Each structure stands twice: as C-alpha cells, then as structure tokens.
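Participant: My structure is below; once you've seen it, I'll send some questions.
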Amino acid sequence: NAGVTQTPKFQVLKTGQSMTLQCAQDMNHNSMYWYRQDPGMGLRLIYYSASEGTTDKGEVPNGYNVSRLNKREFSLRLESAAPSQTSVYFCASRDRQPWTGRNGYTFGSGTRLTVV
Amino acid sequence: GQQLNQSPQSMFIQEGEDVSMNCTSSSIFNTWLWYKQDPGEGPVLLIALYKAGELTSNGRLTAQFGITRKDSFLNISASIPSDVGIYFCAGLGSQGNLIFGKGTKLSVKP
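Take a look at the structure:
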C-alpha cells in the first residue's frame, strides 16, 4: 500500500519552462490537495479537489493550474515557471466525512523544485 | 485569511528534557492537529484533537485543544534524539484543507 506517490522527487527548471507535477493515491480518498512549503512559512494550500471532477483555488493559486484526472490522480501544472515558485510541493489526500484523524489525511514525500 | 501563530520558532533540547510548544489563532477551529516533519519527508500526523478542552496523549506526546478553540499546545516528555525535527500545528479549514503554523524546529543542544 503506497499511500500518496509524487513524481518527480527533484526538478530544476529554467524560468519560463513548463512542467507538471504528478500525484497519485491508492487509498480511494475523495479529496486531494496541493501545498507548497517555503522556509519559515509552513505549508500553504495552492489548489484542492474535494471530489473527482471538482477543483478549487486555495491560498496561493497564482501561476498554477490543476487537473483531477480521475479519483486517483491530481496533477499540478506550472505553465511558465518563475524563481518565486522554487519550493517544496506536497500532495495530500483524505477521507470523506466523518473525519477519521490518523487515517484521514496522508501526505506524499514531496517534490523539490528549483527554478533558475 | 486564517493564520496560526506557533511558538517558539526553534528550540534546543537535551536528552531527557521536557518540551512544550503552542499555537494560537484569531479564528476558531473545530479540529486541531499536530504534525512532525523529518528532513526530506512529508508531515506525519502525531495527534488529532476534536473537542474543546480535550487532552490527548500519544506515547510521550500530549496535546490539548484550548477551551476557546483558538489555541492548542503540544508537550513532549523525556525527549530523545529522534524527537528532533519540525513540528507543525494545523487547524482544519471549512474545505477540509489544513491551515498550518510556521513550525517549531527542535534541535539537539551541542
């Protein structure tokens, strides 16, 4: 049982390049989330998908797009990368209600992105 | 937007010491969570709190959900070297998203 799998683990982009970060979960969770983590900032929500077929903006959506391809997969796309998007990106998934605590919210191990 | 203030930002521990950190918010949360993050990994849930006033333990960790629902604290008793890492508090938002504090970095005293 892999949980939440993110690819790639590391990536270096040049300013203006595009790329897609992949995320897949095998726990049959309905909701999926993309966060970014910057030094001293904690994790901030970029986009989320409450269920298959829906996506919504989070706190810091500018410069990103997402696709909920199916129930398992939720991708994050940078159309034209900027140095300000250098960060560690985490995907997460969680159960529907009721909130089940320890088994409800699972994070991937992250994608470390550097934009030069 | 909602923000969580977590303190201290960093602390040094000596093995065997007790550790305490806390989190406050200007908004009410109905669920508080505490996570630990090791280098190169995603956050891992330590304790979840669902009820105001609730005190919950997980081994040497104890966390409390404040009565006002605007704060929480985490205590670690008799710390050991593997306790080092970054600890995050988080409140559960209305969309099922997590609102995180900025973290408390725990390091070993030189």
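Protein chains in written order, with the numbering used here: chain H, -2 to 113; chain B, 73 to 182. Where is the CB? At the ideal position from N, CA and C, for every residue including glycine. Remember, it's a predicted structure, so these values are computed and weren't measured experimentally.
#1: Taking the Cβ atom as the reference point for each residue, do Leu178 (chain B) and Val116 (chain B) lie within a distance shorter than 9 Å?
#2: Do three or more CB pairs link the region 61 to 76 of chain H to the region 13 to 28 of chain H at distances below 8 Å?
#3: DSSP state of Asp90 (chain B), grouped into three classes?
#4: According to DSSP, is Ser154 (chain B) helix, strand or coil?
#5: Assuming Tyr122 (chain B) and Thr103 (chain B) form a contact by the criterion Cβ under 8 Å, report the distance between their Cβ atoms to the nearest whole angstrom.
#6: Round the Cβ separation of Asn21 (chain B) and Tyr45 (chain H) to the nearest angstrom and send it over; I've been treating them as touching at under 8 Å.
#7: Taking only beta-carbon atoms, is Leu117 (chain B) less than 9 Å away from chain H?
#8: Name the chain B residues that come within less than 7 Å of Ser28 (chain H), Cβ to Cβ?
#9: Going by Cα to Cα distance, which pick from B:Gly163, B:Ser151, B:Gly157 and B:Phe84 is closest to Asp143 (chain B)?
#10: Where Ala79 (chain H) and Ala124 (chain B) are concerned, what is the direct C-alpha to C-alpha distance, given to the nearest angstrom?
#11: When the Cα of Asp35 (chain H) is compared with those of B:Phe172, B:Val180 and B:Pro182, which residue comes out closest?
Facilitator: In short:
#1: no
#2: yes
#3: coil
#4: helix
#5: 6 Å
#6: Residue coverage of chain B in this structure runs from 73 to 182, which leaves residue 21 (chain B) outside it and unanswerable.
#7: yes
#8: Gly168
#9: B:Gly163
#10: 43 Å
#11: B:Phe172
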